[in-house]
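Worksheet: one structure, shown below.
There are 2 protein chains.
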Amino acid sequence: MKSKTGVTPIDRPSLHAQLVDRLRELLLEDAFPPGSKIPEADLCQSFAVSRTPMREALKVLASEGVVQLVPNRGAWVADIDIEELEAGFPVLAALEALAGKLACARITDTEIAKAEKHTKAMAAFFKSGDRRAYFRENEAIHRLILEAAANPILSQQHEALAVRLRTGRFKANEDQARWAQAVEEHEAIVSALRERNADLLSKLLETHIENKFQALIRMVRQG
Amino acid sequence: MKSKTGVTPIDRPSLHAQLVDRLRELLLEDAFPPGSKIPEADLCQSFAVSRTPMREALKVLASEGVVQLVPNRGAWVADIDIEELEAGFPVLAALEALAGKLACARITDTEIAKAEKHTKAMAAFFKSGDRRAYFRENEAIHRLILEAAANPILSQQHEALAVRLRTGRFKANEDQARWAQAVEEHEAIVSALRERNADLLSKLLETHIENKFQALIRMVRQG
DNA sequence: TGACTGAATTATGAATTCATAATTCATTAT
DNA sequence: ATAATGAATTATGAATTCATAATTCAGTCA
């Protein structure tokens with residue numbers, strides 16, 4: 300805390316910044332199906348803003364790869380195909396592996412304890428079959444590792460890519476076998492974290508992502 | 300070629316897309332020093348556009364991290380500090396390592412021949428002391444590996460990060476010892492590429508980037 | 001002389017307007 | 001009935017306008 304009073308500046312985000320966040324969430328929730336047109340005018344109405352900030356926001360999202368802008372024909376929800384998944388997952392795996400390596404060097408005992416708590420919760424939600432809750436814990440643990448890595452640029456790149464790959468379509472649909480495997484993998488991950496074994500954790504995270512990708516491909520191929 | 304006639308659509312990029320590219324180049328060339336204010340009005344004049352596309356472009360560049368937008372106070376050239384370099388380089392190294400691994404699996408003999416040509420040219424420019432020409436060959440070889448990896452998402456993430464880290468300030472300033480070392484490293488890199496030794500190439504690229512970073516830090520610390 | 005106040009100026013964020021491009025739809029000709 | 005044409009409608013890209021926030025600067029007072 301810098302100032303003596305502890306008073307922080309009033310947060311005054313610009314419209315376009317807020318729109319970027321809200322739109323990204325909307326798109327991740329599949330409010331508009333991938334490949335469909337984004338109804339700019341309707342959105343302006345819904346958010347009660349004019350076209351200027353909305354279009355600024357769409358351009359930022361386009362640079363992130365979440366939407367696609369076709370000149371003179373508007374904005375479309377970027378459609379992820381298998382090729383894009385195939386390209387994206389190795390990159391995601393490399394970033395997570397790096398996060399694991401860095402995290403080992405800096406993670407505190409408190410954070411490790413938290414990771415263990417999340418892992419236990421995951422196992423519990425797996426047993427009770429609560430996919431949504433499991434998914435939340437899963438995200439929490441990966442976020443924890445990213446945060447422990449304490450590398451803002453890594454976090455940012457990871458976030459950008461994860462957002463791009465994680466459309467609702469591919470969200471929480473793993474078959475039972477894969478789900479069980481994922482739980483096991485997480486046990487191993489948290490154990491490597493506890494031992495602060497950077498090389499092992501790095502490797503585990505990489506194969507974890509790789510396996511998730513393989514499972515996803517199977518799902519997509521089957522429909 | 301899809302159509303029988305071979306006629307391709309007329310390229311009609313929007314103003315903001317062109318501005319993004321031109322501004323990024325300007326900023327990389329240190330047309331405005333890091334940390335300085337970006338004179339929006341002047342730029343509009345220079346490019347003969349109105350504020351709307353210019354501001355759209357600045358917002359895209361802000362999401363890339365090249366400029367910083369302060370609400371109600373305009374756009375500033377993002378200043379890279381040592382912490383950011385420290386955070387960015389491991390990520391860059393991981394991405395290059397992945398690129399090397401993927402490239403080994405797909406690179407053609409023709410591409411390898413090109414890589415060898417670039418490496419020879421680099422050595423020659425090193426001997427003649429032509430830093431600028433050396434730098435170009437260096438970029439060409441790294442680009443070649445990225446392209447051989449044939450992973451558009453990897454290319455995109457790499458590009459975004461490289462742009463962010465490579466301000467003119469840190470551009471072509473290596474001391475003689477580091478320069479000689481870099482030339483050697485490149486010989487090893489192209490040799491691993493020739494043998495399509497994925498693990499070795501991956502490792503070599505990682506340490507190559509790591510060494511470059513160390514040299515940079517030394518330069519910055521000295522001034 | 002130097003620090004404070006507040007008016008004038010300038011810059012910024014956002015809405016609106018305008019020109020042009022794309023799309024839709026009715027009309028016509030086959 | 002169907003395809004082609006062109007007018008009407010709608011959407012998009014970009015410029016302009018407008019309200020508000022920030023900055024500058026002259027004037028005032030200690």
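Keeping their order, the protein sequence lines are chains A and B.
For the first sequence, the numbering used here begins at 300 and goes up steadily by one.
For the second sequence, the numbering used here begins at 300 and goes up steadily by one.
Glycine included, every Cβ here is placed at the ideal spot set by N, Cα and C.
In this structure, the straight-line span from the alpha carbon of A/I381 to that of B/E494 is close to 30 angstroms. Here B/Q480 is near B/N510, since their CB atoms are less than 8 angstroms apart. Per DSSP, A/A374 is one residue of the beta strand (DSSP E) stretching across 373-376. Rounded to whole angstroms, the separation of the alpha carbons of A/L357 and B/V519 is 38 angstroms. At least one C-beta of chain A is nearer than 8 angstroms to the C-beta of B/Q456. Taking the Cα positions, B/A412 is about 13 angstroms away from B/I488. Residues of chain B whose Cβ lies closer than 9 angstroms to the Cβ of A/L453 are, in chain order, A386, G387, P389, V390, A393.
What A/H315 touches in chain B, judged by beta-carbon distance under 7 angstroms, is K358, going in chain order. Using a Cβ-Cβ cut-off of 8 angstroms, B/E363 is close to S362 of chain A, given in chain order. Taking each of A/N496, A/T466, A/E486 in turn and checking the Cα distance to A/E324, the smallest one comes out for A/T466.
The beta carbon of B/D341 lies closer than 8 angstroms to none in the same chain, with the five residues before and after it left out. Residue state for B/V359 is assigned as helix, using DSSP reduced to three classes. The closest CA to that of B/V366, considering only B/D378, B/E395, B/R372, is found on B/D378.
The C-beta of B/R354 has 16 or more other C-beta atoms within 10 Å across all chains shown, which makes the residue buried. Near chain A, meaning a CB-to-CB distance below 9 angstroms, the residues of the region 368-385 of chain B are L368, P370, N371, E382, E383, E385. Nearest in C-alpha terms to B/F512, of all of B/A459, B/L394, B/P389, B/I452, is B/P389. Across the structure, A/T418 and A/E486 are spaced so that their CA atoms are roughly 7 angstroms apart. Of the candidates B/P352, B/I406, B/G364, the residue whose Cα lies closest to the Cα of B/N450 is B/I406. Here DSSP, grouped into helix, strand and coil, assigns A/V390 to helix. Residues of the same chain with a CB within less than 8 angstroms of the CB of A/P352, apart from the 5 flanking positions on each side, are S313, L314, H315, L318 in chain order. For B/L515, there are no C-beta contacts with chain A under 9 angstroms, since the nearest C-beta of that chain is about 15 angstroms from it.
In the three-state reduction of the DSSP assignment, A/V369 falls in the strand class. Relative to A/F346, the option among A/L327, A/G334, A/D320, A/E363 whose CA is nearest is A/D320.
By the rule that beta-carbons nearer than 8 angstroms mark a contact, B/N510 does not touch chain A. Between A/G399 and A/L504 a beta carbon distance of about 4 angstroms is seen, short of the 8 angstroms cut, so the two are scored as contacting. Spanning the alpha carbons of A/L492 and B/C343 requires a straight line of approximately 52 angstroms. The contact set of A/E355 on chain B, defined by CB atoms closer than 8 angstroms, consists of R354, E355, K358 in chain order.
The Cβ-Cβ distance between A/I452 and A/A414 does not fall below 8 angstroms.
Between B/F434 and A/R311, the alpha-carbon positions lie close to 43 angstroms from each other. With a threshold of 16 other beta carbon atoms within 10 Å, B/G364 meets it and is buried.
Counting C-beta atoms within 10 angstroms of its own C-beta, B/G387 has 16 or more neighbours from the protein chains shown and is therefore classed as buried. For A/L322, no chain B residue has a C-beta closer than 9 angstroms to its own C-beta; the minimum C-beta separation is roughly 13 angstroms. Only residues of its own chain outside the window of five on either side were considered, and among them A514 have a CB closer than 7 angstroms to the CB of A/R477, listed in chain order. Nearest to A/L460 by alpha-carbon distance, out of A/S362, A/R430, A/V369, A/E446, is A/S362.
Between B/C403 and the set B/L500, B/I516, B/H507, B/G305, the nearest pair of CA atoms involves B/L500.
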